Amino acid sequence: MRLALKTCELRSWHMGDLESLVRHADNRNIWMNLRDRFPHPYTKRDGREFLKHTRDQDPETAFAIAMNGEAVGGIGFMLQGDIERVSAEIGYWLGEPFWGRGIATEALIVLTRYAIATHALTRVYALPFASNAASCRVLEKAGYTIEGRLRNSAIKDGRIVDQLQYAFTA
Ligand SMILES: CC(C)(COP(=O)(O)OP(=O)(O)OC[C@H]1O[C@@H](n2cnc3c(N)ncnc32)[C@H](O)[C@@H]1OP(=O)(O)O)[C@@H](O)C(=O)NCCC(=O)NCCS
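Each position in the sequence shown, counted from 1, maps to that position plus 88 in the numbering used here.
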């Protein structure tokens with residue numbers, strides 16, 4: 089998959105992305121806002137495992153955010169099952185040097201549309217930590233609506249935190 093956007097490109101991951109993936113992903117400021125399955129520190133071994141996993145994925149749901157050919161972030165969705173098979177959870181991260189340029193917002197708008205069209209979804213949702221003002225702003229700019237606050241729903245870095253439920257419905 090390859091989609092050219094105004095600020096960046098969304099494309100399939102490949103093994104050649106290892107170095108830039110590790111360089112950008114190995115960042116506590118990114119890890120602090122993601123699930124713990126996103127490793128920290130983020131080693132070459134972690135990067136290799138992730139890239140192998142993306143190579144085997146069918147359907148393809150995890151994509152690189154690339155600038156001038158270099159993978160500088162990731163965006164993907166998790167298709168839900170059973171009666172929630174019309175829903176997917178979306179998640180994203182971007183290398184810190186690229187923050188504040190509208191890249192995540194554009195990537196989110198396009199991948200939301202792609203997920204809905206490709207998998208006949210009626211709902212795409214995200215669960216940012218309530219403290220993650222930048223991600224909440226990105227979701228709002230991309231047309232997501234806040235639906236609620238999940239109090240004390242998660243533990244991150246040893247602290248119990250709230251998550252916010254945002255959704256885009258088709
Ligand atoms: C969240 C993240 C993807 C945003 O990427 P980005 O490309 O910088 O986002 P954009 O430039 O499209 O938009 C960011 C918006 O948040 C705003 N923002 C940034 N920091 C903020 C803060 N502390 N408080 C309020 N708003 C903030 C920016 O001003 C901008 O809004 P604006 O266009 O109205 O000015 C990036 O910061 C990141 O990777 N964070 C770590 C991982 C993460 O949080 N992932 C999401 C998990 S739900």
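Ideal Cβ placement from N, Cα and C applies to all residues, glycine included.
Only a predicted model underlies this, so the values are computations on that prediction, with no experimental measurement involved.
Check, Outcome
"If distances are taken between C-alpha atoms only, which option among PRO185, TRP187, ASP105, GLU194 comes closest to LEU91?", "GLU194"
"Give me the Cα-Cα distance between GLU148 and HIS207, rounded to the nearest whole angstrom.", "11 Å"
"For ALA176, is the classification buried or exposed, using 16 other Cβ atoms within 10 angstroms of its Cβ as the cut-off for buried?", "buried"
"In whole angstroms, what separates the C-alpha of LYS132 from that of LEU106?", "7 Å"
"If contacts are defined as beta-carbon pairs under 8 Å, then ALA203 and LEU196 qualify, I think. What distance do you get, rounded to the angstrom?", "In fact, because the Cβ distance is near 10 Å, the residues do not count as touching under 8 Å."
"Is DSSP giving ASN117 helix, strand or coil here?", "helix"
"Can GLU158 be considered in contact with ligand 1, in the sense that its beta carbon sits closer than 8 Å to one or more heavy atoms?", "no"
"By the three-class DSSP mapping on this structure, what secondary structure does SER142 have?", "Just to set this straight, residue 142 is Thr in the shown sequence, not Ser. Three-state DSSP puts THR142 in a helix."
"Determine the burial state of GLN145: buried for a count of at least 16 other Cβ atoms within 10 Å of its Cβ, exposed for fewer.", "exposed"
"Alpha carbon to alpha carbon, how far is THR233 from GLY179?", "16 Å"
"DSSP state of ASP250, grouped into three classes?", "strand"
"Is the Cβ-Cβ distance between ARG211 and PHE256 less than 9 Å?", "yes"
"Taking 8 Å as the cut-off, does the CB of TYR180 come closer than this to any heavy atom belonging to ligand 1?", "yes"
"Rounded to a whole number of angstroms, what is the C-alpha to C-alpha distance between LEU182 and ALA152?", "10 Å"
"I need the DSSP call for LYS94, collapsed to helix, strand or coil.", "coil"
"What does the Cβ neighbour count give for PRO216, buried or exposed, with the cut at 16 atoms within 10 Å?", "buried"
"Starting from SER223, trace the alpha helix (DSSP H) in both directions and tell me its first and last residue.", "221-229"
"Taking only the alpha-carbon atoms, compute the straight-line gap between ILE243 and LEU93 and give it to the nearest angstrom.", "35 Å"
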